[in-house]
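Residue numbers (my numbering), protein chains in the order written: chain S, 2 to 401; chain L, 2 to 401.
Glycine included, C-beta positions come from ideal geometry on N, C-alpha and C.
Protein chains: 2
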Amino acid sequence: MPLQFASRLDNVETSAIRELFKLLGKPGIISFAGGFPDSAMFDVDGLREASAGALAEEPGGALQYGATEGYEPLRTQLAAFERHKGVAGVEPHHLIVTTGSQQALDLLGKTLVSPGDKVIVEGPTFLATIQCFRLYGADLVSAPIDADGVQVDRLEALIREHRPKFVYLIPTFGNPSGALLSLERRRRILALAVQYQVLIVEDDPYGDLYFGAAPPPSLLALSDQVPGSREWIAHCGSMSKVLSPGLRVGWLIAQPDLLARATMCKQFSDAHTSTFAQATAAQYLRSGRMPATLENVRRVYAERAQAMGDALQRELGDAIAFTQPQGGLFFWARLTGAGGAIRDAGEFARRAIEQGVAFVPGAPFYAKDPDRSSLRLSFATADVARIREGVQRLGQSLRG
Amino acid sequence: MPLQFASRLDNVETSAIRELFKLLGKPGIISFAGGFPDSAMFDVDGLREASAGALAEEPGGALQYGATEGYEPLRTQLAAFERHKGVAGVEPHHLIVTTGSQQALDLLGKTLVSPGDKVIVEGPTFLATIQCFRLYGADLVSAPIDADGVQVDRLEALIREHRPKFVYLIPTFGNPSGALLSLERRRRILALAVQYQVLIVEDDPYGDLYFGAAPPPSLLALSDQVPGSREWIAHCGSMSKVLSPGLRVGWLIAQPDLLARATMCKQFSDAHTSTFAQATAAQYLRSGRMPATLENVRRVYAERAQAMGDALQRELGDAIAFTQPQGGLFFWARLTGAGGAIRDAGEFARRAIEQGVAFVPGAPFYAKDPDRSSLRLSFATADVARIREGVQRLGQSLRG
């Protein structure tokens, strides 16, 4: 008799993801496929100093077991980081450190989702979120979005209909959508949270990666303006896109009761996040290098986003439709079929690979009813010249 | 309406653990309560060099997203580490790196346990394992142990009766028991695994911490001698007790199908273990410092274990019964009540705290039917003089 696996695994379908990753390994390829920041922009010197400093200053703290809630000096730095971004009154004990923001999502699933519970997500949304929540038995409902983020009227109707355990949103420069939820919609969503007493999970790994003016404040920051809404926001932050994904340092801010239970679940998931990584991140934040690091990544990604937008218009014209992103790492586009061009993004991806350029089709990002003409292009890891070359190859694939 | 939490949280009772931790914070106290290695023995210089080396050699690898299975140079080092300990034929792709061995347990629970499934554990066993498996809905069955580890006849009867999803054992210097499973019992357990086609989870964080002769080979290593048993062993390893818990580097070796599903679950739990910590651990193992580090911790813990055993006999006499541990971090003892002395370990712990010494009562380590006369004493973090002083205080508490 072979080993019997847990029934929860039946809820997860990862073949689409495996198919995506098979596309990425070919040598010589220009990749717009990853969701990675550019390794070349990591502040290696700053992190080396930070890690040496952590080991010199408090080797016990950096190498010993630590509190499940997180390394206290890092919690202090992260609370200050959030206050600096306009979240009033955040204290260290209002947040826990997580092993990347992926773990914050996992803990929310573990803490909140009983099998069969409804959870509303954006359509499209982050791939790993879909699978993460489904492993806890969530029944996902998909709320449509446009360039201003989730459509609030539709969201309200879905909340009424499904009474979900929570609503999961990436309001600022979403993955894969790149969309930016407008200020007006943010206010309306906070009002909905209070009205329907529904938890809103705000995943915010990209909010610091803006190219022009700063985006509207996070839902968490805005919650001060909507009485009663603060307790209905769970906010997930991350160092991955701005400093280094390899540290696996994220955080979760939520009301005390939820935070306590998420901490209990974390205790039995991985005891605590690497104190070595946490102490390094704390030293880095304390060193004062973060503002320059943020300026640098914003400047470089802004150039690349501009180059990709220009090239897409030039090379693909009206065969592709997209909104120029104002931050983040991604273009979200739709094949229009104009002039008889291809409309199936899966087929387009296969042709593109033959031309030496990779991206990911959009369908797997939908929990339900995929738009097969959609695709995601990352501008993060290729430089401007490679972006131009890659988009040229996309143009050839479209015509070829 | 307050937030509704997931039903799986109803299976977990953590007040006993919270009570334990409340005991630990008092100033001036001599603590035998922790499950920690001694920070003073961390090879800080070696780890500083290893982390600087990792950042110098391959900063991208150490700071970027990495494969969920683990950082390849670390998998290579860990496979060699296991082969060196007698596990024939282990290749890097036979293991995945986990965020401490706690995460290996969590992934096994997530991958294997459907609500209501039976899981056999030792009575007593590791606290966090009990809660970890219960969060996935496991119905735990407790198999009795003695100084030679789990009693195999009783284990076989429980396997027949309950047909468990798996059996969880800490065969070598168990926590809390300090027990060492005999070679003969190891062979019989491997035979049971084949006969009943039941998975044995071998948790092995302490196997390298032996004081005299090396212990019998791990179940994984011995599986070569019992045809068909290898596929029924899942082995959890850890750097926490020998190098540094703060790195959060553990690993899981299991048959390919189970390993693939555990990897999938890990992808949605934390994406991957900190590559910064993994690259540091890989450099450290490659540096050749590990054998000297192991010799050092073995020597120091052996002295402390001897000092504690001698002091317990001297100060508590026949009011306490224990087997001198041959490795690990713990004494497991029982209050005999001889001469009218106290028999309740919880009451003894409260009196001891008043005398300025802490330990943990044994009851919470039982999934079922706790032995309230049992207690766990760690000799890891106090030096020999403090151990003698602490045990003297225990004697006063007993008489007081």
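| query | result |
| --- | --- |
| One or two residues paired with Leu-108 of chain S in a DSSP bridge | DSSP lists no partner for Leu-108 of chain S. |
| Cβ distance (whole Å) where Thr-276 of chain S is taken to contact Gln-65 of chain S below 8 Å | 7 Å |
| Short CB-CB distance (under 9 Å) between Tyr-66 of chain S and chain L | yes |
| Check whether Ala-350 of chain L and Ser-32 of chain L have beta carbons under 9 Å apart | no |
| Sub-9 Å separation of Ala-129 of chain L and Gln-104 of chain S beta-carbons | no |
| Cross-chain neighbours of Lys-111 of chain L in chain S, by beta carbon under 8 Å | Ala-7, Arg-9, Leu-136 |
| Three-state class that DSSP yields for Val-250 of chain L in the structure shown | strand |
| Per-residue DSSP class, three states only, for Arg-231 of chain L | helix |
| Element boundaries [beta strand (DSSP E), containing Ile-321 of chain S] | 321 to 323 |
| For Arg-231 of chain S and Val-195 of chain S, the rounded distance between their alpha carbons | 9 Å |
| Validate contact between the region 366 to 382 of chain L and the region 141 to 155 of chain L using beta carbons, cut 8 Å, 3 pairs | yes |
| Assigned secondary structure, Thr-126 of chain S (DSSP; H/G/I helix, E/B strand, else coil) | coil |
| Length at least 3, wholly inside the region 34 to 85 of chain L: the beta strand (DSSP E) runs in chain order | none |
| Alpha carbon of Ala-148 of chain S to alpha carbon of Gln-327 of chain S, nearest angstrom | 11 Å |
| Among S:Leu-181, S:His-94, S:Ala-215, S:Gly-101, nearest to Leu-258 of chain S - alpha-carbon criterion | First, the residue type needs correcting, since residue 258 of chain S is Asp and not Leu in the sequence shown. Among S:Leu-181, S:His-94, S:Ala-215, S:Gly-101, the Cα nearest to that of Asp-258 of chain S is on S:His-94. |
| 6 Å Cβ shell around Leu-159 of chain L - same chain, five flanking residues per side excluded | Ile-121, Val-142, Ala-144 |
| Close Cβ partners of Ile-30 of chain S (< 6 Å) along its chain, the five nearest in sequence each way excluded | Gly-357, Ala-359 |
| Strand pairing of Lys-119 of chain L, partner residues [DSSP] | L:Asp-140 |
| Distance between Val-385 of chain L and Arg-305 of chain L (C-alpha atoms, nearest Å) | 6 Å |
| 8 Å Cβ cut-off: residues of chain L touching Gly-101 of chain S | Asp-271, Ala-272 |
| The region 319 to 338 of chain L contacting the region 203 to 218 of chain L, beta-carbon criterion three pairs below 8 Å | yes |
| Within chain L, the residues that Leu-170 of chain S reaches when beta carbons sit closer than 8 Å | Within chain L, no residue comes near Leu-170 of chain S; the closest Cβ sits about 17 Å away, beyond 8 Å. |
| Residues that Arg-208 of chain L contacts on chain S, provided the C-beta gap is smaller than 8 Å | According to the sequence shown, residue 208 of chain L is Gly rather than Arg. Going along chain S, no residue has its Cβ under 8 Å from Gly-208 of chain L, so there is no contact; the nearest lies around 19 Å. |
| Val-114 of chain S, enclosing alpha helix (DSSP H) - first and last residue | Here Val-114 of chain S belongs to no alpha helix (DSSP H), and DSSP marks it neither H nor E. |
| Distance between Pro-38 of chain L and Thr-1 of chain L (C-alpha atoms, nearest Å) | Beyond the ends of chain L as shown, which are 2 and 401, falls residue 1 of chain L; an answer cannot be given. |
| Closer than 9 Å to chain L by CB, Ala-280 of chain S | yes |
| Identity of the residue in L:Arg-9, L:Thr-15, L:Gly-71 nearest Arg-249 of chain L by Cα | L:Gly-71 |
| Whole-angstrom distance between Ser-52 of chain L and Ser-288 of chain L, CA atom to CA atom | 11 Å |
| For Arg-373 of chain L, three-class secondary structure by DSSP | coil |
| Chain L contact for Asp-118 of chain S (CB, 9 Å cutoff) | yes |
| For Gly-340 of chain L and Leu-106 of chain L, the rounded distance between their alpha carbons | 43 Å |
| Val-45 of chain S versus Ala-381 of chain S - alpha carbon distance | 18 Å |
| Opposing strand residues paired with Val-98 of chain L [DSSP bridges] | L:Trp-252 |
| Within 8 Å of chain S by C-beta, residues of the region 144 to 176 of chain L in sequence order | Lys-166 |
| 4-residue-minimum alpha helix (DSSP H) runs that sit fully inside the region 237 to 294 of chain S, ordered along the chain | 257 to 271, 276 to 288 |
| Contact list for the region 343 to 372 of chain L against chain S, Cβ threshold 7 Å | none |
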